[in-house]
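Worksheet: one structure, shown below.
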Amino acid sequence: MWLTSKIKQVLLVLKPGKVTLNYPAESRPVPEGFRGQPAWDHTKCIGCGGCANHCPARTILTRDLCPEIRILFYDGARCMYCGRCADVCPEKAIVMSPEFELATGDRDDITQSLELFMLTCQRCGRCYDLEIKNAIDKLDLRGYRYDSLEARTVIRRSTERFAPDVLGETEAYRRPERIGG
Amino acid sequence: MTKDSLIRTLRDGFGPALTVSEGATPKRLVLDIDRTAFRAAALKLRAAGGRYMVGVGSDERDRRGAFGMIHLFAFDKDGFTVALRTSAPAETPEFDSIAPEIPAAGWTEREYMDLLGFTFKGNPKPKKLILADDWPAGIHPLRKEVPYNLVPPSAEDVAYELDEAPEGTTTVPIGPFHPSLHEPAHFAVYVDGETIKGCDYRGFMTHRGIEKLCQTQVSYNEVPFVAERICGICGSVHAAAYSQSVEEAAGIKIARRAEFIRTIMLEIERLHSHLLWLGVAGHLIGYDTIFMQSWRVREPIMWLSERLTGNRKTYGMIVIGGVRRDITPALREDILGVLKKVETEVGGLKDAVLKDTSIHRRTKGVGFIPREEAEAWSLLGPVARGRGVDIDVRRDHPYAAYDELSFDVPVMDSGDVWGTLVVRLLEIFESIKIVRQALDKMPSDGPLLTEVADVLPAYRHGLSMVEAPRGESVHYLITGPENRPERWRVRAPTYTNLQGVPRMLLDNQLADFPIIVGSIDPCFSCTDRVLVVDGRARSRRVFARSEIEALGRGRRKP
Chain Z
17 MWLTSKIKQV
27 LLVLKPGKVT
37 LNYPAESRPV
47 PEGFRGQPAW
57 DHTKCIGCGG
67 CANHCPARTI
77 LTRDLCPEIR
87 ILFYDGARCM
97 YCGRCADVCP
107 EKAIVMSPEF
117 ELATGDRDDI
127 TQSLELFMLT
137 CQRCGRCYDL
147 EIKNAIDKLD
157 LRGYRYDSLE
167 ARTVIRRSTE
177 RFAPDVLGET
187 EAYRRPERIG
197 G
Chain W
1258 MTKDSLIRTL
1268 RDGFGPALTV
1278 SEGATPKRLV
1288 LDIDRTAFRA
1298 AALKLRAAGG
1308 RYMVGVGSDE
1318 RDRRGAFGMI
1328 HLFAFDKDGF
1338 TVALRTSAPA
1348 ETPEFDSIAP
1358 EIPAAGWTER
1368 EYMDLLGFTF
1378 KGNPKPKKLI
1388 LADDWPAGIH
1398 PLRKEVPYNL
1408 VPPSAEDVAY
1418 ELDEAPEGTT
1428 TVPIGPFHPS
1438 LHEPAHFAVY
1448 VDGETIKGCD
1458 YRGFMTHRGI
1468 EKLCQTQVSY
1478 NEVPFVAERI
1488 CGICGSVHAA
1498 AYSQSVEEAA
1508 GIKIARRAEF
1518 IRTIMLEIER
1528 LHSHLLWLGV
1538 AGHLIGYDTI
1548 FMQSWRVREP
1558 IMWLSERLTG
1568 NRKTYGMIVI
1578 GGVRRDITPA
1588 LREDILGVLK
1598 KVETEVGGLK
1608 DAVLKDTSIH
1618 RRTKGVGFIP
1628 REEAEAWSLL
1638 GPVARGRGVD
1648 IDVRRDHPYA
1658 AYDELSFDVP
1668 VMDSGDVWGT
1678 LVVRLLEIFE
1688 SIKIVRQALD
1698 KMPSDGPLLT
1708 EVADVLPAYR
1718 HGLSMVEAPR
1728 GESVHYLITG
1738 PENRPERWRV
1748 RAPTYTNLQG
1758 VPRMLLDNQL
1768 ADFPIIVGSI
1778 DPCFSCTDRV
1788 LVVDGRARSR
1798 RVFARSEIEA
1808 LGRGRRKP
């Protein structure tokens, strides 16, 4: 019984032979419609911020430096390559490129930044009224929540309501005790 | 028990304390009951043959000044589910525990003690389950006033207090990191010689707070992509389950072709998951030939997924209202070609594996649980079917396009790891059968995505179950007013199956621990130091690696 089983196993192993690809010397081409790193075409982008608004990973940031210049910033370190941005882009300015070899020691390699010159109103010289929040300006609330464009790191902090001293005042607050005395 | 007779029995028993209403579909029964009769009603549902699925606790203080608690039961033979709902005032969120009678409810209750600050009177093990050991008492993260990004200060000197070891046993800690676990989890195994006499589990070390995140930060349409990342294998399962729960809550009917494509994706996922498990199982019993070969057979399926979805896994395909990509005639031929190859190869693998006596010796009689106990622990999926429990969501509560497809549900009576292995192997062939049928019966055209133009109504409830490769995944959703779920409860199958692991381990050999835990398809690591707890003397001592090596070489007793 076990012998026939073993013979079958030997055949199972011998038949396919070597299947390991000689990567990275020879790489397999990616199929059509592959979801690699998203790429922005700055000539098509109108700066609507739809991608930032719909990014599940919140890795696309829009920020207005001044009324004429909008920064659109993509940080690949958080991207999960779902392709949602490419789906929602009304101008088809985003394509999912076949690029997947994205391991890097420098995260600037996988970030993209667009400085978009926004067309201003001929009468008042501004794009949007930044004081009265219109729908696009509300995008400031979305996007990933880093403190600054430069820091680009998740700064973990206790929120205002739960600052450590406030925490200490709550009635049930108690530091866990060490076990075993 | 049919729905009508169940309602009659409950009405007789509880009278005015109980309100019966219809759920979103005729397959959902909703019972609202007074808090005092909550436990009695739950026990009655269990006695009537209901399978405990999971509990859902929610913070509804801002809209009705109360906490909500729901126990979900499934009546698999009659194809309906029961949501037993109650609420507790904001000041005293106390309920009676059902865990002594329904052990599968133990984790649910402990979860809400941690996350919502509920009290369950009579819970046999009211210890922390989810929150970190140094999480300050009195802060319950799922309560709405707690911000999603709260990071309380950490403490160094705290640890989980293990259960008391049975008399005369030694504790062997396995985890949090162990070569056979893919994720951190800690099992304290109490052994007498080589025989396991008990086990305490401390997990949730990588709890990511996905439910809180999706209830406060993202909107309906983005949640599927977050849901996919709950699991590294069952991406489509969670996206489909979430999407179905939204669709049920909001009454969205999706296109039939989209349902078929969902079915195909779910089955392709099962194919690759079972082959992955077979490899891991082989590896865990030290049989790396199986590991290598089944992963080799699996690889074409991964490449197929790449062509179908755009990337290696079955992610990014399913969204609310349908699917994102079509299966074109060319892809259809592609799928059929890959299936044909995989079927032949898995056939060879099956012949080689099922008659191998060394596999019989490592799996037969290992991790045995009788059928009654498997039902009491609400075991799911292949773990249950290997123990004679004939349940399968695809057949009992059909979703997507499964109502049109015919397939067998393999069930084994051996009650051990061997049973789960055979069930999984046979299910591979069933999955291939299902994909072929689905490709044949699929409507040739039709929309892929049903646009949802209206704002989704708030405070509707939706429940969906999907048969993941590991068992049934349950998603319960309460829609919210801000274009995002107010409450989204996910119960993956391992949540339930893992609760039954201490029972599976009982009276087995310590050497069988990896394959027993591996048989439910989760994962562990023990590296350079070991903590020895002497159960009788109650003393603790940490050994350094050099000490252990010296002890091991000298073969002396510590």
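Protein chains in written order, with our numbering: chain Z, 17 to 197; chain W, 1258 to 1815.
In this text, a Cβ means the ideal position worked out from N, Cα and C, and glycines have one as well.
The model shown is predicted, which means the values in this text are computed figures rather than measured ones.
Listing by chain order, which chain Z residues have their CB less than 9 Å from the CB of residue i?
i	result
W:K1612	M17, W18, T20, S21, K24
W:G1594	The premise fails here: W:G1594 is roughly 14 Å from chain Z at the closest Cβ pair, so nothing lies under 9 Å.
W:G1605	K24, L27, L28, K31
Could you work out which residue in the options is closest to residue i when comparing CA atoms only?
i	options	result
W:E1421	W:I1327, W:L1386, W:A1515, W:K1454	W:K1454
W:L1734	W:Q1550, W:E1556, W:V1610, W:E1743	W:E1743
Z:C39	Z:E131, Z:E117, Z:R123	One point to set straight first is that residue 39 of chain Z is Tyr, not Cys, in the sequence displayed. Residue Z:E117 is the option with its Cα nearest to Z:Y39.
W:A1356	W:L1388, W:I1387, W:A1297, W:A1331	W:A1297
W:G1728	W:A1361, W:V1287, W:G1638, W:E1451	W:G1638
W:M1643	W:D1608, W:E1684, W:D1660	Strictly speaking, residue 1643 of chain W in this sequence is Gly, with Met absent from that position. Closest option to W:G1643, Cα to Cα, is W:E1684.
W:D1335	W:G1672, W:T1452, W:P1655, W:Q1756	W:P1655
W:L1678	W:H1732, W:F1482, W:G1622	W:G1622
W:L1533	W:G1425, W:P1409, W:P1726, W:P1759	W:P1726
W:G1466	W:V1747, W:V1429, W:L1696	W:V1747
W:A1715	W:A1507, W:G1703, W:L1696	W:A1507
W:L1636	W:P1410, W:G1757, W:W1675	W:G1757
W:P1700	W:E1516, W:E1485, W:F1770	W:E1516
Z:T127	Z:E48, Z:H70, Z:D91	Z:D91
W:R1409	W:F1295, W:M1549, W:W1392, W:G1425	Per the sequence shown, the amino acid found at residue 1409 of chain W is Pro instead of Arg. Ranking W:F1295, W:M1549, W:W1392, W:G1425 by Cα distance to W:P1409 puts W:W1392 first.
W:P1273	W:S1262, W:F1377, W:R1292, W:D1261	W:R1292
W:S1354	W:A1394, W:A1412, W:F1295	W:F1295
W:Y1752	W:K1301, W:E1368, W:E1402, W:V1429	W:E1368
W:V1709	W:N1740, W:E1424, W:A1331	W:N1740
W:T1376	W:L1388, W:L1386, W:F1352	W:F1352
Z:D122	Z:T75, Z:L88, Z:A93	Z:A93
Z:L132	Z:D57, Z:Q53, Z:G33, Z:P45	Z:D57
W:V1475	W:W1745, W:N1765, W:P1759, W:A1749	W:W1745
W:G1322	W:A1749, W:S1344, W:I1772	W:S1344
Chain Z partners of residue i, CB-CB under 7 Å?
i	result
W:V1475	P72
W:A1243	Look at the range of chain W in this structure, 1258 to 1815, and you will see that residue 1243 of chain W is not part of it.
W:L1286	Correct list: empty, because the minimum Cβ distance to chain Z is about 34 Å.
For my contact list, residue i and residue j are in at a C-beta cut-off of 8 Å; report their separation, rounded to the angstrom.
i	j	result
W:A1657	W:R1514	So it is not a contact: roughly 11 Å between Cβ atoms.
W:R1553	W:T1566	Going by Cβ atoms, the distance from W:R1553 to W:T1566 rounds to 22 Å, so no, they are not a contact pair.
W:A1496	W:T1707	The Cβ separation is near 16 Å, so there is no contact.
W:P1779	W:L1755	6 Å
W:D1670	W:T1620	Between W:T1620 and W:D1670 the Cβ distance is about 15 Å, and since that is not below 8 Å, they are no contact.
W:L1523	W:V1723	7 Å
Z:V29	W:T1546	6 Å
Z:A68	Z:L81	About 15 Å separates the two Cβ atoms, so there is no contact after all.
Z:E107	Z:I62	6 Å
W:F1770	W:L1762	7 Å
Kindly list, in the order they appear in chain W, the residues whose Cβ is closer than 9 Å to that of residue i.
i	result
Z:V29	T1546, M1549, Q1550
So that I know if they touch, is there some Cβ in chain C lying closer than 8 Å to that of residue i?
i	result
W:G1737	The structure shown contains no chain C; its protein chains are Z and W.
Run through chain W and tell me which residues come within less than 8 Å of residue i, C-beta to C-beta.
i	result
Z:M112	G1567
Z:L32	Before going further, note that residue 32 of chain Z is Pro rather than Leu in the sequence given. Ordered by position in chain W, the residues that pass the 8 Å Cβ test against Z:P32 are R1553.
Under 7 Å Cβ-Cβ, which residues of chain W neighbour residue i?
i	result
Z:R51	G1567, N1568, G1573
- request: Answer yes if the stretch 1638-1652 of chain W comes into contact with the stretch 1600-1616 of chain W, meaning at least three C-beta pairs across the two stretches below 8 Å, and no otherwise.
  value: no
message: With three or more beta-carbon pairs closer than 8 Å as the criterion, would you say the stretch 1398-1406 of chain W touches the stretch 1367-1377 of chain W?
response: yes
- prompt: Can at least three beta-carbon pairs, one atom from the stretch 1520-1533 of chain W and one from the stretch 1557-1571 of chain W, be found at a separation below 8 Å?
  reply: yes
query: Got a sec: which bits of the stretch 1562-1585 of chain W sit with their beta carbon under 8 Å from any beta carbon on chain Z, in order along the chain?
result: E1563, R1564, T1566, G1567, N1568, Y1572, G1573, R1581, R1582
task: Specify whether the stretch 1681-1689 of chain W and the stretch 1499-1512 of chain W touch according to this definition: at least 3 beta carbon pairs, one from each stretch, less than 8 Å apart.
output: no
Proximal residues, the stretch 87-99 of chain Z versus chain W, C-beta separation under 8 Å: M96, Y97, C98, G99
query: Using Cβ-Cβ distances below 9 Å, what residues of the stretch 1478-1489 of chain W are close to chain Z?
result: N1478, E1479, V1480, P1481, F1482, V1483, E1485, R1486
At least three beta-carbon pairs within less than 8 Å, the stretch 1623-1636 of chain W to the stretch 1306-1316 of chain W: yes
task: Can you give me, in chain order, the residues of the stretch 34-49 of chain Z that have a beta carbon less than 7 Å from any beta carbon in chain W?
output: V35, P47, G49
- prompt: When you check each C-beta in the stretch 1667-1701 of chain W against every C-beta of chain Z, which residues fall closer than 9 Å?
  reply: none
- prompt: Counting Cβ pairs, one atom from each stretch, are 3 or more of them under 8 Å apart for the stretch 1461-1475 of chain W and the stretch 1691-1700 of chain W?
  reply: no
message: Is it the case that the stretch 1539-1551 of chain W contacts the stretch 1317-1325 of chain W, given that we only count it when at least three CB pairs across the two stretches are under 8 Å?
response: no
query: Is the number of C-beta pairs between the stretch 1568-1584 of chain W and the stretch 42-53 of chain Z that are closer than 8 Å three or more?
result: yes
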